[in-house]
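Residues 5 to 490 in this note's numbering are what the sequence shown spells out, letter by letter.
Cβ coordinates follow ideal geometry from the N, Cα and C atoms, glycine included.
Being a predicted model, the structure only gives us computed values, none of them experimental.
Worksheet: the structure to be examined is printed underneath.
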Amino acid sequence: MTEEHLGTNRSWSRRRVLTVAAAAAGAASLAAAGAAATLSGDSPLRFRYDPFEIRDLPQGQRPYYSGVRLPIVDSGTHDEHGARMSMLGGKLYDHPVGQAQYGINLLETYRVTGEQVFLDRAMTQAQRLIDRRVVHQGGWFYPYRFRHAMHRETDVYETPWYSMMAQGQALSLFVRLAQVVGERTPWREAADATFASYRVPPVAGEPWGMYVKDELLWLEEYAHPKRVRGDRTYNGHIFSAFGLWDYWTMSRDAKAKQILQGAITTARDVHHLVRTRQWRSRYCLTHRKDAGMYHSTHIIQHAVLHAITGDPAFAGIMDLFYSDHPTRGVSGTVVLAAGDHEGYRFDASGTVLDRKRVTLTRPAEAASAERHKVLRQTGIWYDLTEGALSGYLVREIPGRSYQRGRAAPIGYRIPRPAVVVAAPGRAYSVDEAGRVTSVAADLAVGDTVTVDLRAALDGVQHYRLASGAHAGQWVRLDTLRSAGPA
């Protein structure tokens, strides 16, 4: 969704087949692990799943965790009641994802500040979702009442249409309100009824959101209103899965856990289809559109899946996506060594439009607005905004042209195990001014360590150690090997 803030190739021997069908609240429990599980109903979905461990998490590791405090005055589009809206063609429309996301972020601000106004406003978003709900086969669905052209093209969704991303984020909001206000409240009822939408089979022309393709379960962000098909939007699928995780933390519901395991299996097993080597990942699999800013979202989502499951595959996917294309919004000071430097201007396809060579008689520094990649060009590039190469892109070359200090960090929400494969020699520290210092590293080949952060230090990729005598210090990426897909 444009308004949002934000596996490995393993044997199938551990996978199970789960049957999910529409069912009333009194449906029978799932069968024991290791056998096919069947819920009551006459239109089942059968999908593969791996029985991932599902973990409860402390606040700092949970989906949507944020230390950011929202302003009291809401600058977003909203109505007279304070409910987030979308303005289209001069008319206000309810936007379920926007309302649910804003509510979740308000709860995060309430958690940090304790100020009642944020809790009240979060409940306003939740109540609006409830007031506009459509009840279908016992599940609460949150409709979109505006026409939507997928990727601004001819695939037009007429109203109403539904989104499992909206279902999942509404579920997260209701669960978290119940946990804050108390489970004996309407918020728990709303959570239970929203979870029931995950057990409604797909029928064209009716509210739906879950379906199976190639034996994998999809939580469809853009469920087509007239046919059982969708966009297979990667970020929306995972955000919907986060709603299942939230619900499981409150209910310990076995059905929610197995549907969640199915959704996580899909996220892992299609990552190679979503991935674009040496470029940004794909937004979706149906239209195979470029993810744009959602590439960074994919990276963060895999960090969360790593924390939820403890499975190193997701940390490995996170690293793959990060290596293909760095996270967006990274600015800083670029150091230029004495000597020759070339700056380039490219068009959108990566064709060189202009180049400029300068010779520096002494080292220099220049501000960079962005650290990113260029299509069909190798390496990382800095968008310089001052100096002789202002307005040009300069390639990152360690020791010659590099961003000072730490750049483009990505954090693992739980420590990631690794083994030393080449003695690091030095362990590095970075101060607030970006100065890098080092000490002799007491690490040998074969030692096991954990890491909690990855970043470029003076243009070279490093891991930050999370344990041992050098905890908090950095070693070069190529000195460690960690688990996950390559």
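By a beta-carbon distance limit of 8 Å, Ser285 does not contact Ala271. Their separation comes to about 12 Å.
Residue range Tyr238 to Ser255 is occupied by the alpha helix (DSSP H) that includes Asp250.
Apart from the 5 residues on each side of it in sequence, Gly354 sits with its Cβ closer than 8 Å to the Cβ of Val378, Leu379, Arg380 and Gln381 in its chain, given in chain order. Put simply, the region 301 to 309 touches the region 405 to 423. At least three CB pairs are less than 8 Å apart.
Across the set Pro402, Ala319 and Ala371, the C-alpha of Ala319 shows the shortest separation from the C-alpha of Arg458. For Glu112, there is no enclosing beta strand (DSSP E); the residue is found in the alpha helix (DSSP H) stretching over Pro100 to Thr117. Taking 7 Å as the cut-off, the Cβ atoms of His152 and Tyr161 count as close. Val434 is a Cβ neighbour of Val440, given a cutoff of 7 Å. Following the DSSP letters along the chain, one finds Trp165 in no beta strand (DSSP E), marked with neither H nor E.
DSSP places His228 in the coil class of the three-state scheme, outside both helix and strand. For Gln282, the closest of Ala422, Ala341, Lys95 and Gly383 by C-alpha to C-alpha distance is Gly383. Taken in chain order, the unbroken stretches of alpha helix (DSSP H) that lie wholly in the region 312 to 365 and span 4 residues or more are 316 to 328.
Between the region 325 to 344 and the region 358 to 373, the count of Cβ pairs shorter than 8 Å is three or higher; the stretches touch.
At a Cβ-Cβ threshold of 7 Å, Ala104 and Leu223 do not count as neighbours.
The region 179 to 198 and the region 260 to 277 do not touch, with fewer than three beta-carbon pairs separated by less than 8 Å.
Take the alpha-carbon of Gly438 and the one of Ala370: they are about 14 Å apart. Here Gln171 is not near Gly142, since their CB atoms are 7 Å or more apart. The residues Ser70, in chain order, have a CB closer than 6 Å to that of Glu112 in the same chain once the five nearest residues on each side in sequence are set aside. The shortest C-alpha to C-alpha distance from Phe51 to any of Thr337, Gly333, Leu248 and Leu220 is the one to Leu220. Contact between Ala422 and Thr454 holds, since their C-beta atoms are separated by about 7 Å, short of 8 Å. Taking the CA atoms as reference points, Ser167 sits about 5 Å from Tyr226.
In this structure, Tyr298 is the residue among Gly314, Tyr298, Arg349 and Val232 with its C-alpha nearest to the C-alpha of Tyr326.
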